[in-house]
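Undergrad: Heads up: the protein sequence lines correspond to chains A and B, in order.
Going by the numbering used here, the residue at position 206 of the first sequence is 206; the numbering climbs one at a time, nothing skipped.
To get the numbering used here, take the position in the second sequence, counting from 1, and add 324.
Questions regarding the structure given below will be posed in turn.
There are 2 protein chains.
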Amino acid sequence: MGGRREMKRRDFLKGSAVAGAAAVCGAGQAAAQEAGGDGMPKLTPPSQKAQLNLCLQWGGIPGGEMKEKLDFLEANGFASVEIPSGDWPIKNGEALVEALKGRKLFIATACGPSDFSYAEPEKREEEVQKFLPVIEALGKMKSVGLIICPARGKLSEPGRLSAKELRKDFVENTGKRLAEHAAKHGTSIVLEPLRRNETPFLRQVADGARIAADIGPGASVMGDFWHMQLEETSFMGAFLCAGKLLTHVHIAGLKERIIPGVHPEDVYVDGFRGLKLLGYRGAVSFEGGWPKNPEDPKKGLPQEERTRLILNMVRLLREQWAMA
Amino acid sequence: MGGRREMKRRDFLKGSAVAGAAAVCGAGQAAAQEAGGDGMPKLTPPSQKAQLNLCLQWGGIPGGEMKEKLDFLEANGFASVEIPSGDWPIKNGEALVEALKGRKLFIATACGPSDFSYAEPEKREEEVQKFLPVIEALGKMKSVGLIICPARGKLSEPGRLSAKELRKDFVENTGKRLAEHAAKHGTSIVLEPLRRNETPFLRQVADGARIAADIGPGASVMGDFWHMQLEETSFMGAFLCAGKLLTHVHIAGLKERIIPGVHPEDVYVDGFRGLKLLGYRGAVSFEGGWPKNPEDPKKGLPQEERTRLILNMVRLLREQWAMA
Numbered sequence: 001m002g003g004r005r006e007m008k009r010r011d012f013l014k015g016s017a018v019a020g021a022a023a024v025c026g027a028g029q030a031a032a033q034e035a036g037g038d039g040m041p042k043l044t045p046p047s048q049k050a051q052l053n054l055c056l057q058w059g060g061i062p063g064g065e066m067k068e069k070l071d072f073l074e075a076n077g078f079a080s081v082e083i084p085s086g087d088w089p090i091k092n093g094e095a096l097v098e099a100l101k102g103r104k105l106f107i108a109t110a111c112g113p114s115d116f117s118y119a120e121p122e123k124r125e126e127e128v129q130k131f132l133p134v135i136e137a138l139g140k141m142k143s144v145g146l147i148i149c150p151a152r153g154k155l156s157e158p159g160r161l162s163a164k165e166l167r168k169d170f171v172e173n174t175g176k177r178l179a180e181h182a183a184k185h186g187t188s189i190v191l192e193p194l195r196r197n198e199t200p201f202l203r204q205v206a207d208g209a210r211i212a213a214d215i216g217p218g219a220s221v222m223g224d225f226w227h228m229q230l231e232e233t234s235f236m237g238a239f240l241c242a243g244k245l246l247t248h249v250h251i252a253g254l255k256e257r258i259i260p261g262v263h264p265e266d267v268y269v270d271g272f273r274g275l276k277l278l279g280y281r282g283a284v285s286f287e288g289g290w291p292k293n294p295e296d297p298k299k300g301l302p303q304e305e306r307t308r309l310i311l312n313m314v315r316l317l318r319e320q321w322a323m324a
Numbered sequence: 325m326g327g328r329r330e331m332k333r334r335d336f337l338k339g340s341a342v343a344g345a346a347a348v349c350g351a352g353q354a355a356a357q358e359a360g361g362d363g364m365p366k367l368t369p370p371s372q373k374a375q376l377n378l379c380l381q382w383g384g385i386p387g388g389e390m391k392e393k394l395d396f397l398e399a400n401g402f403a404s405v406e407i408p409s410g411d412w413p414i415k416n417g418e419a420l421v422e423a424l425k426g427r428k429l430f431i432a433t434a435c436g437p438s439d440f441s442y443a444e445p446e447k448r449e450e451e452v453q454k455f456l457p458v459i460e461a462l463g464k465m466k467s468v469g470l471i472i473c474p475a476r477g478k479l480s481e482p483g484r485l486s487a488k489e490l491r492k493d494f495v496e497n498t499g500k501r502l503a504e505h506a507a508k509h510g511t512s513i514v515l516e517p518l519r520r521n522e523t524p525f526l527r528q529v530a531d532g533a534r535i536a537a538d539i540g541p542g543a544s545v546m547g548d549f550w551h552m553q554l555e556e557t558s559f560m561g562a563f564l565c566a567g568k569l570l571t572h573v574h575i576a577g578l579k580e581r582i583i584p585g586v587h588p589e590d591v592y593v594d595g596f597r598g599l600k601l602l603g604y605r606g607a608v609s610f611e612g613g614w615p616k617n618p619e620d621p622k623k624g625l626p627q628e629e630r631t632r633l634i635l636n637m638v639r640l641l642r643e644q645w646a647m648a
């Protein structure tokens, strides 16, 4: 992250006391403000008030059995659960739906590591066929959708579509068919922008949003604070570009891709303002690693320390949501 | 433009009466709003109030002589002038600066049709050398900067860099050197995202902003409503992504690329809200054509009709700025 962005985020934080004093108000003073004004535009409040729906990925939830994991989420202020990829949704979907009965948790996304950049149509078709039953299973679970990044390979390699060809084929063929299948089953595909070292194709939320809009019903986009920090210039701006197409958010530390709250750099207020402006009610889900075990880096952190860090993250994110 | 965006823009307009009633306010009610609230975030007012600085491109300004053109701009509420490309700034810079003395007009940008995507370093170097003296001339004129799109050619053709190679070379070499030269002479290079049929490389404001941020001092980005309408999902979001790096804006009709105000689709309120949030004081400059002459399509519109349409545009944009 460059110095400019650092400064910008600090400015937002510093400004938040002022901003708190200058937030939204009832009818009376609007005209006076416009005339005398602090230069703020007349923004339309969201049609629904945003909610901070915190979420954990399956593997990171304390507890062994399904019930134990769900109990932990409910007891500690989480609203959502993100499930594993592959055929997990097909194998475990029914059991999870059963275990969720009477609980207030919703199923966010499952990740589908994918690649639709093969020049050979047969290889792309294999990818499509692989995901159709997963999408059906996600639909049955009322999951938000299947996370997809259209290309992870090097597009300049032989046997790959060019970026332009890939975009066209994904919008009109592979992505379109997956999205239509998802819409039919009441779920969606969720395009995930990654970092430049991970994908040559989709790096920014606005780009994913435009691809999703071009595809139409059943396609949406997500933002991951960790990737966004490198690839975007504004968390708030990027989320606004996603608009109503934003269906999922990943969060991690901004200095290290570990659980938020370990480093003072973990400041999400600007992004949360964007989510509030959108009236966002999707999940904000932790995806990342853990600090090293200072006693033995090879062993990983003991579970009780991980649990302490999870609760610390919940406190931190709620605090910053209130500031936003 | 897809149906979704249409709806979104209409919603913003419909909402503006409500939004007017729910704009910013003084200290008293902020806490109550946060608790009871309409869900609006605590946004930081811009450090300076934005201004609608209307601007025309040289060729579109009524009048033959330099003085006549500048008189027209001043008399009709324009704040800025956009100058021709090529060696015009070198040949006419001093005369223009002289003619501007005592006037309140500033010199926005000049356009530099360019291509930095050649695989041969010598060809890229030629492009750099071509623009160095133009940048110096722009600096002397206190112009905002030189508009550049890094690639117009097909990157998949032989003899071209790949998108990834071009980005790296532009950020570290060609664009970097032009930007450093610009910063040294008190001006900037202004990256312009275009449409997908015009460039395979830079289509979104957030992308241009990230490239400019990666380059550093002397690099900035612009937004053109005409291109943005196809390539972005949110005018406001895209402008927020540009942030302080936004130094220029082009505007045209949204249904046809002609002077704004001819079609009812020409609604810029959402984008203007973004400019207000940024405290933007750069130019908003008309770039586009004219409606056909209904009497003789080959002849073009008579000057008096063009002038009428310019004044109509000024009225319309001011009206929408006030609504934003």
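Positions of the beta carbon are idealized from the N, C-alpha and C atoms, including for glycine.
Near Pro365(B), which residues of its chain fall below 8 Å by C-beta distance, leaving aside the five closest residues on each side in sequence?
TA: The answer is none, since no qualifying residue turns up.
Undergrad: So what's Glu589(B) in DSSP terms, helix, strand or just coil?
TA: Here Glu589(B) sits in coil by DSSP.
Undergrad: Determine, using beta carbons only, whether Val529(B) comes closer than 9 Å to chain A.
TA: Chain A contact via Cβ: present.
Undergrad: List the residues of chain B that Pro45(A) touches, going by C-beta distances under 7 Å, in chain order.
TA: Ordered by position in chain B, the residues that pass the 7 Å Cβ test against Pro45(A) are Ala346, Asp362, Gly363 and Met364.
Undergrad: Cβ closer than 8 Å: which chain B residues qualify as neighbours of Pro200(A)?
TA: Result: Ala487 and Lys488.
Undergrad: According to DSSP, is Asp548(B) helix, strand or coil?
TA: Correct three-state label for Asp548(B): strand.
Undergrad: Whose Cβ in chain C lies nearer than 8 Å to the Cβ of Arg597(B)?
TA: Absent here is chain C; the protein component of the structure consists of chains A and B.
Undergrad: Using a Cβ-Cβ cutoff of less than 6 Å, which residues in the same chain neighbour Trp321(A) once the five nearest sequence positions on both sides are dropped?
TA: Around Trp321(A): Leu52 and Phe272.
Undergrad: Listed in chain order, which residues of the region 559-593 of chain B have Cβ atoms closer than 8 Å to some Cβ of chain A?
TA: Listed by position, the residues of the region 559-593 of chain B near chain A (Cβ gap below 8 Å) are Met560, Gly561, Ala562, Phe563, Leu564, Cys565, Ala566, Gly567, Lys568 and Leu569.
Undergrad: Using alpha carbons as the reference points, say which of Leu601(B), Trp614(B) and Asn636(B) lies closest to Gly37(A).
TA: The residue with the shortest Cα to Cα distance from Gly37(A) is Leu601(B).
Undergrad: Helix, strand or coil for Ile215(A), going by three-state DSSP, please let me know.
TA: Note: Ile215(A) maps to helix in three-state DSSP.
Undergrad: By the 10 Å Cβ neighbour count, where 16 or more other Cβ atoms means buried, how is Ser371(B) classified, buried or exposed?
TA: That one is exposed.
Undergrad: Helix, strand or coil, according to DSSP, for Asn416(B) in the structure here?
TA: Asn416(B): helix per DSSP, three-state reduction.
Undergrad: In this structure, how does DSSP classify Cys435(B) when only helix, strand and coil are distinguished?
TA: Cys435(B): strand per DSSP, three-state reduction.
Undergrad: Within the same chain, show all residues whose beta-carbon is closer than 7 Å to that of Gly603(B), passing over the 5 residues directly before and after it, in chain order.
TA: Result list for Gly603(B): Pro370, Ser371, Gln372, Lys373 and Ala374, in chain order.
Undergrad: Please look up how many angstroms separate the CB atoms of Ala151(A) and Pro200(A), rounded, as I've assumed it's under 8 Å.
TA: Going by Cβ atoms, the distance from Ala151(A) to Pro200(A) rounds to 7 Å, so yes, they are a contact pair.
Undergrad: Of the choices Glu305(A), Arg203(A), Trp290(A) and Lys69(A), whose alpha-carbon is the least far from that of Leu100(A)?
TA: Nearest option by C-alpha distance: Lys69(A).
Undergrad: Could you please give me the residues that DSSP links to His572(B) through a beta bridge?
TA: Met546(B) and Ala607(B).
Undergrad: Name the DSSP beta bridge partners of Ile582(B), please?
TA: DSSP, once it has assigned bridges, lists Gly613(B) as partnering Ile582(B).
Undergrad: Report buried or exposed for Gln669(B), applying the criterion of at least 16 other Cβ atoms within 10 angstroms of its Cβ.
TA: Lying outside 325 to 648, the shown extent of chain B, residue 669(B) is not represented and no answer is given.
Undergrad: Among all the DSSP beta bridges, which residues are the ones paired with Glu82(A)?
TA: According to DSSP, Glu82(A) bridges with Gln57(A).
Undergrad: Going by beta-carbon coordinates alone, are Cys379(B) and Val608(B) separated by less than 9 Å?
TA: Yes, the Cβ-Cβ distance between Cys379(B) and Val608(B) is below 9 Å.
Undergrad: Can you check whether the C-beta of Met222(A) is within less than 9 Å of a C-beta belonging to chain B?
TA: Output row for Met222(A): interface = no.
Undergrad: I need the boundaries of the alpha helix (DSSP H) containing Gly561(B), first residue and last residue.
TA: Taken as a continuous stretch (DSSP letters only), the alpha helix (DSSP H) holding Gly561(B) covers Phe559 to Ala566.
Undergrad: Closest to Phe549(B) by C-alpha separation, out of Gly612(B), Glu522(B) and Ala506(B), would be which residue?
TA: For the residues Gly612(B), Glu522(B) and Ala506(B), the minimum Cα distance to Phe549(B) belongs to Gly612(B).
Undergrad: Quick one: measure Cβ to Cβ for Ser162(A) and Ser480(B), integer angstroms, because I've assumed they're closer than 8 Å.
TA: Indeed they touch by this definition, with Cβ atoms about 5 Å apart.
Undergrad: According to DSSP, simplified to helix, strand and coil, what is Val514(B)?
TA: In this structure, Val514(B) counts as strand in the three-state DSSP scheme.
Undergrad: To the nearest angstrom, how far is the alpha carbon of Gly561(B) from that of Lys299(A)?
TA: Those two C-alpha atoms are separated by around 44 Å.
Undergrad: Distance check for Ser114(A) and Arg642(B), CA to CA, integer angstroms please.
TA: Rounded to the nearest angstrom, the two C-alpha atoms are 48 Å apart.
Undergrad: At least one CB of chain A closer than 9 Å to the CB of Ser512(B): is that the case?
TA: No, no contact with chain A.
Undergrad: Since Gly282(A) and Val144(A) should fall inside the 8 Å C-beta cutoff, what is the C-beta to C-beta distance between them, to a whole number of angstroms?
TA: The Cβ separation is near 6 Å, so the contact holds.
Undergrad: Cβ closer than 7 Å: which chain A residues qualify as neighbours of Leu601(B)?
TA: What Leu601(B) touches in chain A: Pro41.
Undergrad: Going along chain B, which residues have a C-beta under 8 Å from Arg210(A)?
TA: Neighbours of Arg210(A) on chain B, chain order: Gln528, Glu555, Glu556 and Thr557.
Undergrad: Between the C-alpha atoms of Pro89(A) and Gly102(A), what's the straight-line distance to the nearest angstrom?
TA: Between Pro89(A) and Gly102(A), the C-alpha separation is close to 20 Å.
Undergrad: For Ala324(A), I'd like the list of residues in its chain whose CB is within less than 7 Å of its CB, leaving aside the five on either flank, ordered along the chain.
TA: Cβ within range, chain order: Val269, Phe272, Arg273 and Lys276.
Undergrad: Between Gly499(B) and Tyr442(B), is the Cβ-Cβ spacing less than 9 Å?
TA: No.
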